[in-house]
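**Student:** Heads up, the working numbering is the position in the sequence shown plus 5, with the first residue counted as 1.
Every residue gets a Cβ at the ideal spot worked out from N, C-alpha and C, and that includes glycine.
There's a structure below that I have some questions on.
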Amino acid sequence: MKKKSVWTRYSTQDKVLLSAGYLLLGLFAVAIIVPMLYIVVASFIDPITLQNKGITFDFSKWTTTAYERVISNRQIWIGFKNAIVYSVVFTVVSVVVTLLAAYPLSRSDFRGKGFFNILFMITMFFGGGLIPTYLIVSNLGLVDSMWAVILPGAFSVWNMTIARTYYRGIPSELREAADVDGANELTFFFKILLPVCTPIIAVLALWQFVAMWNSYFDAMIYLNDSAKQPLQLVLRSILIQNQPESGMIADMQSTAARAQLAELLKYATIIISSLPLLVMYPFFQKYFDSGIMTGAVKG
């Protein structure tokens, strides 16, 4: 006997809702994929053709000039290296601080837990603002150093709450077994608890890496030396200020030619700056279901 498909088992209302959901999901996917494809294709098209005719699949009009100029530019590679260093260090510091802060707040026997929870929650809604933060960073002597970019935002109350909720979802029998074996708090935390928390650690690490990789405002405020600026500031000058590095377009004579090449460089720079995230995500994606969903539904 032939089995009925799952679709036939749904009621009319369920079919309508599912169809509407699939339609919205499809539109959402198209809204993401089309701009990405446009940027990829536009980065290879001759700037004159792109300006006059737009996207074309006539490969005789394609060129790798933008990538050649971006890759050969020294400031791009300096910014790329700085962005990787800042993002990796920021991720490590942030995840370590978040996990250490979340652990005592997840323990039912921790005195003062309610007070610290309220104190942390207040900081989610109220902040000192840019000027007080800048004064603190300046008084600590961190201006024009990578720590001015890393330390102010290293601790996230939201991430701490997610990690605390994840801790609470771990069976209490694990802690009881550790007590029986004579494990102290440090042994339990580093050798028993953290290996169990791999999914949430991976999720927090990816969140923080992406946040720092895409951030440019703090670097723009605190970093003066161009040798310390991350890739995001170089990308910002190309995308927003329309000012590519002088070495990229120095050989172009006319103003129109320089503007056309600058437009082409935008797309190539976007692609290159996105590569680390595109490479990283597949390795972290498998942790998202177990990491985010457990932290979201446990009490």
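1) For a quick check, are the C-beta atoms of I44 and Y272 less than 8 Å apart?
2) Please work out which residues of its chain come closer than 8 Å, Cβ to Cβ, to W163, disregarding the five sequence neighbours upstream and downstream, and give them in chain order.
3) In three-state terms, what does DSSP make of I308?
4) Please check the pair M165 and F125, which I expect to be a contact at CB under 8 Å, by giving their CB distance rounded to whole angstroms.
5) Less than 8 Å between C-beta atoms, sequence neighbours within five positions excluded: which residues of the same chain meet that for T103?
6) How about the stretch 146-160 and the stretch 95-112: do they share at least three Cβ pairs that are nearer than 8 Å?
7) Okay, do the stretch 231-245 and the stretch 72-92 touch, 3+ Cβ pairs below 8 Å being the bar?
8) Give the C-beta separation of V154 and Y227 to the nearest angstrom, bearing in mind that I take them to be a contact with Cβ-Cβ under 8 Å.
9) Rounded to the nearest angstrom, what separates L198 and L280 at their Cα positions?
10) Give the single residue among L110, S65, A183 whose Cα lies nearest to the Cα of K196.
11) How many Å lie between M151 and Y91 at the Cα?
12) Flag this pair as yes or no: are the beta carbons of L269 and L55 separated by less than 8 Å?
13) Look at the alpha carbon of L22 and the alpha carbon of S16, and state the distance between them as a whole number of angstroms.
14) Quick one, which of D51, R112, I123, T274 has its alpha-carbon nearest T68's?
**Tutor:** Reading off the structure:
1) Residue numbering aside, residue 44 sits at position 39 when the sequence shown is read from its first letter. Residue numbering aside, residue 272 sits at position 267 when the sequence shown is read from its first letter. Yes, the pair counts as a contact, with Cβ atoms nearer than the cut-off.
2) Here residue 163 corresponds to residue number 158 of the sequence shown, with the count starting at 1. Contacts found: M129.
3) Summary: the structure shown does not reach residue 308, with the chain confined to residues 6 through 304, and so no result is reported for it.
4) Along the sequence shown, read from residue 1 onward, the residue named residue 165 stands at position 160. Along the sequence shown, read from residue 1 onward, the residue named residue 125 stands at position 120. For a cut-off of 8 Å, the C-beta gap from M165 to F125 is around 7 Å, short enough to register as a contact.
5) Position 98 of the sequence shown holds residue 103. Exclusion of the five residues before and after T103 leaves F160, S161, N164, M165, A168, L209 as the residues of its chain whose Cβ lies within less than 8 Å of its Cβ.
6) The answer is yes - the stretch 95-112 touches the stretch 146-160, with three or more Cβ pairs under 8 Å.
7) With a cut-off of 8 Å, the stretch 72-92 and the stretch 231-245 count as touching, because enough Cβ pairs lie within range.
8) If you number the sequence shown from 1, residue 154 lands on position 149. If you number the sequence shown from 1, residue 227 lands on position 222. Contact holds; Cβ gap of about 6 Å.
9) Numbered from 1 along the sequence shown, position 193 holds the residue referred to as residue 198. Numbered from 1 along the sequence shown, position 275 holds the residue referred to as residue 280. Each residue's alpha carbon lies about 33 Å from the other.
10) Residue mapping note: residue 196 aligns to position 191 of the sequence shown, counting from 1. For the residues L110, S65, A183, the minimum Cα distance to K196 belongs to A183.
11) Taking the first residue of the sequence shown as position 1, residue 151 is located at position 146. Taking the first residue of the sequence shown as position 1, residue 91 is located at position 86. Computed Cα separation, rounded: 7 Å.
12) What you label residue 269 is simply residue 264 of the sequence shown in a count that begins at 1. What you label residue 55 is simply residue 50 of the sequence shown in a count that begins at 1. In contact: L269 and L55 (Cβ atoms closer than 8 Å).
13) Counting from one through the sequence shown, the residue named residue 22 turns up at place 17. Counting from one through the sequence shown, the residue named residue 16 turns up at place 11. Rounded to the nearest whole angstrom, the CA to CA distance from L22 to S16 is 10 Å.
14) The sequence position of residue 68 within the sequence shown is 63, counting from 1. Cα-wise, what sits closest to T68 is D51.
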